[in-house]
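In my numbering, the protein residues as written are 269 to 333.
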Ligand SMILES: [Zn+2]
């Protein structure tokens with residue numbers, strides 16, 4: 269089967285693209301908000317998130333307190 273599941277991939281909260289977290293880390297395409305790490309496909313997505321984290325973060329997931 270050509271499809272290879274990669275559960276380690278994370279999703280860019282801005283554009284919903286799957287992102288390799290290691291690559292994002294190497295490129296500095298990550299940030300943290302509310303104790304959760306987010307990764308991005310590009311600097312543009314990261315900048316959009318940093319500008320309005322509340323718009324992208326915590327929409328589907330919220331930290332269990
Ligand atoms: Zn993106």
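Cβ coordinates follow ideal geometry from the N, Cα and C atoms, glycine included.
task: Sort out for me which residues DSSP pairs residue 305 with in a bridge.
output: 300
message: Nearest by alpha-carbon distance to residue 281: which of 307, 296 and 319 is it?
response: 307
- prompt: What are the partner residues of residue 279, as DSSP defines its beta bridges?
  reply: 286
query: Just to check, is the beta-carbon of residue 288 closer than 7 Å to a non-hydrogen atom of ligand 1?
result: no
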